Each structure stands twice: as C-alpha cells, then as structure tokens.
Amino acid sequence: MEGKTKFAFIGNSHIAYWPLESYFPQWECRNYGVPGEGLDYVERFHEDVSDSYVVIQFGTNDIYHLNTENMDVYVERYVKAVSAILSRGTYLFCIFPRNDFMDSTAVNRFIALLNEKIRKKIEEETNVVYLDVFDKFLLNDRLNPDLTIDDLHLNGAGYRILVHTLRELFCKYKNR
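Taking this note's numbering, the leading residue of the sequence shown gets 46, the next gets one more, and so forth.
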C-alpha cells in the first residue's frame, strides 16, 4: 500500500496557524510556517522537501518595507526564492489582503499590483501553480473581517477558502 501524499507548507503566520491535519487528513503535512516571517525566511529555507508537494504563502509581513521603487527587485527575489525550493510540485498562494490604518484601501491596491507582477513572472518563468484567492478575501476592498479572528489572521471560513482552492488546483495540476 502506498503512503500518504507528502506536503510541506512554508510561509508566515497564515501557514503556521493553519490546522493542516484537520483539513487534510489524507495527506502527510509538515508545517514550516513561522509567524512574522517573509521573503528572508523563504530565501534561507533549506529543509529537504524534494519528496513533497510544497505550498507557499508569504509577503504580508514585507509590505510596509516596499514601495513602487523597490517593487520589481522584490518580485525578482520573491520568484527566485519560491523557485529555489525543490519539490514534486509547488503551489504558491498570492499575498493576502490586509487592513490598513484609518479604513484606507491603499495597501490592498498596492498588494493587488504586487500580486499581479508576481503572478505574471511565476507563470512566464516557472512551473509553479499560482493560487489567486485575493478577491475572495475582500469585502469593500478591505480584508473581510468575517474571514479572520483579528482582522489579519484567518479563521475557519478563511482557511476553507484556501483548502478548496488548493484541493481543486492540486487535482488539476498534480501531474504537471
């Protein structure tokens, strides 16, 4: 009998707090999520996960260090870091929306632009499957509070969006 399909989840608190065993009992999941981390963590990630499918989500913690002048350099580093992780197949979730100060939606407009640049580069230069759930998390251009526990970290409803998207696209692309 063949063992469970192996998955390694890499990223920030959205990954770290994801109760993977509850949502994916059919998979052998390893959680490499670390709250507060971002691109630097993914760039220095050196665990051997080559026998696994990899799911990555990060970037939210890097947003306030970015602007239109350094965005393209960040995108280059981001895609290079994701591509450097050897796996059976890689699934990259977009950077999730977040709520900015004073009910502003400027941060989410910036994240949407950043995600578009990342998506385009991922699709043009890699075999990584890009999972765009950005709009599913929005309500009036802000992170939907009904999908979070604290206006940032996901609750069960938020994680169910990720689970549905990942399962659907894994079935579609697993033999890619």
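From the three backbone atoms N, C-alpha and C, an ideal C-beta is built for every residue, glycine too.
For clarity, every value in this text was computed on a predicted model and none was experimentally measured.
Alpha carbon of alanine 53 to alpha carbon of asparagine 200, nearest angstrom = Within the sequence shown, residue 53 is the residue found at index 8, counting from 1. Within the sequence shown, residue 200 is the residue found at index 155, counting from 1. Approximately 21 angstroms, taken between the alpha carbons.
Pull up the distance between the alpha-carbon of methionine 46 and that of glutamine 102, whole angstroms please.
-> For the purposes of this step, residue 46 is taken as the residue at position 1 of the sequence shown. For the purposes of this step, residue 102 is taken as the residue at position 57 of the sequence shown. Any reading at methionine 46 needs caution, since the residue's pLDDT is 42, under 50, leaving its predicted position unreliable; the model's value is listed next. Roughly 32 angstroms separates the two Cα atoms.
Through-space distance from histidine 198 to glutamate 161, alpha-carbon basis | In the sequence shown, residue 161 corresponds to position 116, counting from 1. In the sequence shown, residue 198 corresponds to position 153, counting from 1. Straight-line Cα distance between these residues: approximately 22 angstroms.
Minimum C-alpha distance to aspartate 195 - residue among Asn144, His110, Arg154 = Mapped onto the sequence shown, residue 195 falls at position 150. Selected option, being the one with the closest Cα: Asn144.
Tell me where the alpha helix (DSSP H) around leucine 35 begins and ends.
-> No information on residue 35 is available, as it lies outside the stretch 46 to 221 that the chain covers here.
Uninterrupted alpha helix (DSSP H) stretches inside the segment 64-122 (no shorter than 4 residues) | 65-68, 84-88
Go through its chain and collect everything with a Cβ distance to glutamate 73's Cβ below 6 angstroms, but skip five positions before and after it.
-> Position 28 of the sequence shown, counting from 1, holds the residue named residue 73. Excluding sequence neighbours, glutamate 73 sits near Lys49, Lys51.
Short Cβ contact (9 angstroms threshold) for asparagine 185 with asparagine 106 | Position 140 of the sequence shown holds residue 185. Position 61 of the sequence shown holds residue 106. No, they are not a contact pair.
Rounded C-alpha distance that separates leucine 158 from proline 70 = Within the sequence shown, residue 158 is the residue found at index 113, counting from 1. Within the sequence shown, residue 70 is the residue found at index 25, counting from 1. Straight-line Cα distance between these residues: approximately 35 angstroms.
In or out: phenylalanine 146 buried (at least 16 other Cβ within 10 Å) or exposed?
-> Translated into positions along the sequence shown, residue 146 becomes position 101. When all chains shown are included, phenylalanine 146 counts as exposed.
Going by beta carbon distance, what residues of the same chain come within less than 8 angstroms of methionine 116, once the five residues before and after it are set aside?
-> In the sequence shown, the residue the question calls residue 116 occupies position 71. So the qualifying residues of the chain are Leu158, Leu159, Lys162.
Taking only the alpha-carbon atoms, compute the straight-line gap between histidine 110 and arginine 164 and give it to the nearest angstrom.
-> For the purposes of this step, residue 110 is identified with residue 65 of the sequence shown, where counting begins at 1. For the purposes of this step, residue 164 is identified with residue 119 of the sequence shown, where counting begins at 1. Distance between the alpha carbons of histidine 110 and arginine 164 is about 20 angstroms.
Have a look at valine 120 and alanine 129 and give me their C-alpha separation to the nearest angstrom.
-> To locate residue 120, count along the sequence shown from 1; it is residue 75. To locate residue 129, count along the sequence shown from 1; it is residue 84. Rounded to the nearest angstrom, the two C-alpha atoms are 14 angstroms apart.
Sequence-distant residues of its chain with Cβ nearer than 7 angstroms to asparagine 189 (five each side left out) | Here residue 189 is taken as the residue at index 144 of the sequence shown, counted from 1. Answer for asparagine 189: Phe182, Leu183, listed in chain order.
Cβ-Cβ separation, isoleucine 55 to isoleucine 108 (assumed contact under 8 angstroms), whole Å | Locating residue 108 in the sequence shown gives position 63, where the first residue counts as 1. Locating residue 55 in the sequence shown gives position 10, where the first residue counts as 1. Going by Cβ atoms, the distance from isoleucine 108 to isoleucine 55 rounds to 18 angstroms, so no, they are not a contact pair.
What residue does the beta strand (DSSP E) around leucine 211 start on, and which one ends it?
-> Taking the sequence shown and counting its residues from 1, one reaches residue 211 at position 166. Per DSSP, leucine 211 belongs to no beta strand (DSSP E); it is in the alpha helix (DSSP H), 201-218.
Sorted by chain position, which residues of the same chain lie with C-beta nearer than 7 angstroms to proline 80's C-beta, five sequence neighbours on each side aside?
-> Here residue 80 corresponds to residue number 35 of the sequence shown, with the count starting at 1. Only Asn57, Ser58, Ala61 meet the Cβ criterion.
Give the C-beta separation of leucine 176 and cysteine 139 to the nearest angstrom, bearing in mind that I take them to be a contact with Cβ-Cβ under 8 angstroms.
-> Position 131 of the sequence shown, counted from the first residue, corresponds to residue 176. Position 94 of the sequence shown, counted from the first residue, corresponds to residue 139. Sure, about 7 angstroms apart at Cβ, within 8 angstroms.
Sub-9 angstroms separation of threonine 210 and valine 178 beta-carbons | Here residue 210 corresponds to residue number 165 of the sequence shown, with the count starting at 1. Here residue 178 corresponds to residue number 133 of the sequence shown, with the count starting at 1. Going by C-beta atoms, threonine 210 is nearer than 9 angstroms to valine 178.
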